[in-house]
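Colleague:
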Amino acid sequence: MLYCPPQMVFADKNALHDFIEQHSFGTLISTPFFCSHLPWLLQRDEGEHGVLYGHIARQNPHWRQLEKQQVLITFTGPQAYISPRWYYSELAVPTWNYAVAQVQGQAELLAEAATIANLAQQVAKYEPDVAAAMVKMPNVYQQKLAAGIVGVKVNITEFSGKLKLGQHRSVADQQGVFAALSANPEPEAQALAALMQQLQLGAG
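Per numbering that gives the first Met the number 0, the very first residue in the sequence shown carries number 0; after that it's consecutive.
1. Quick one: what's got a C-beta closer than 6 Å to L51's C-beta in the same chain, skipping five residues either side?
2. Is the beta carbon of G25 closer than 8 Å to that of V151?
3. Comparing alpha-carbon positions, which option in Q189, L194, Q173 and L198 lies nearest E85?
4. May I ask you to verify whether the stretch 9-22 touches the stretch 65-83, counting CB pairs closer than 8 Å and requiring at least 3?
5. On the criterion of 16 or more Cβ atoms from any shown chain inside 10 Å, does N138 qualify as buried, or is it exposed?
6. Mapping the DSSP letters down to three states, classify P31 as helix, strand or coil.
7. Leaving aside the five residues before and after G160 along the sequence, list all residues of the same chain whose C-beta is less than 6 Å from its C-beta, in chain order.
8. Are the CB atoms of A193 and F177 nearer to each other than 8 Å?
9. Between which two residues does the beta strand (DSSP E) containing S159 stretch?
10. With respect to the alpha helix (DSSP H) encompassing L144, which residues constitute its N-terminal and C-terminal limits?
11. Where does R168 land, buried or exposed, given buried means 16+ other C-beta within 10 angstroms?
12. Hey, which unbroken runs of the beta strand (DSSP E) at 3 residues or more fall wholly within the stretch 78-103?
13. Keeping to the same chain, check which residues put their C-beta closer than 8 Å to that of W62; ignore five residues upstream and five downstream.
14. Between C34 and the rest of its own chain, which residues show a CB-CB distance below 6 Å, the 5 nearest in sequence each way excluded?
15. Within 10 Å of its beta-carbon, does M195 have 16 or more other beta-carbons around it, so buried, or fewer, so exposed?
16. Taking the beta strand (DSSP E) that A56 falls in, what are its first and last residues?
Quick look at the structure:
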């Protein structure tokens, strides 16, 4: 499902759940090949490995091929270009460091009531003031709009992750990368540096 050298494996279930919750905009892929980019809500305590909930615009034909089908969802975390100038080693080439998670599972379509309930939970997750947001979304309006979306539930059967952060390089090289990313004002570089710090790679 995902090529990953042993030293880059991101295998801890709780850590992967945390990662998905932090980077919840994922790419849903099914066969025959079709993909949709959607926000997902993870319920980590449902099923053996967790359950993901989302919704698709009814005008998007993708939902018609999802019922009881195996799907892949990918979640991309921080990523950034890595210059060979940042390494202590004399010989080096440019590369790209990143963090990703993937899940496989069986999809099923949700009834309208379940779709609306899931939507309310997603709003609650992202809205700091749920009450104020709901003023813009009275129940009658929600029910009207619900006709335009299709809820999707994915029971996770397998998950994997990859942390390509220079783990195979020397501590000096890791420190050089961390220092350069930390000094870079770009948000992705800052996020990648924060992840390296969290994992104690080059930040010690």
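We treat Cβ as the ideally placed atom computed from N, Cα and C, and that holds for glycine. Nothing here was measured: the structure is a model prediction, and the numbers come from that model.
Modeller: The answer reads as follows:
1. W39, L41 and V153
2. no
3. Position check: residue 85 holds Trp in this sequence, whereas Glu was assumed. Minimum Cα distance to W85 is reached at Q173.
4. yes
5. exposed
6. coil
7. F9, L15 and A100
8. no
9. I148 to K163
10. N138 to A145
11. buried
12. none
13. I55, L108, V149 and V151
14. T26 and I28
15. buried
16. V50 to A56
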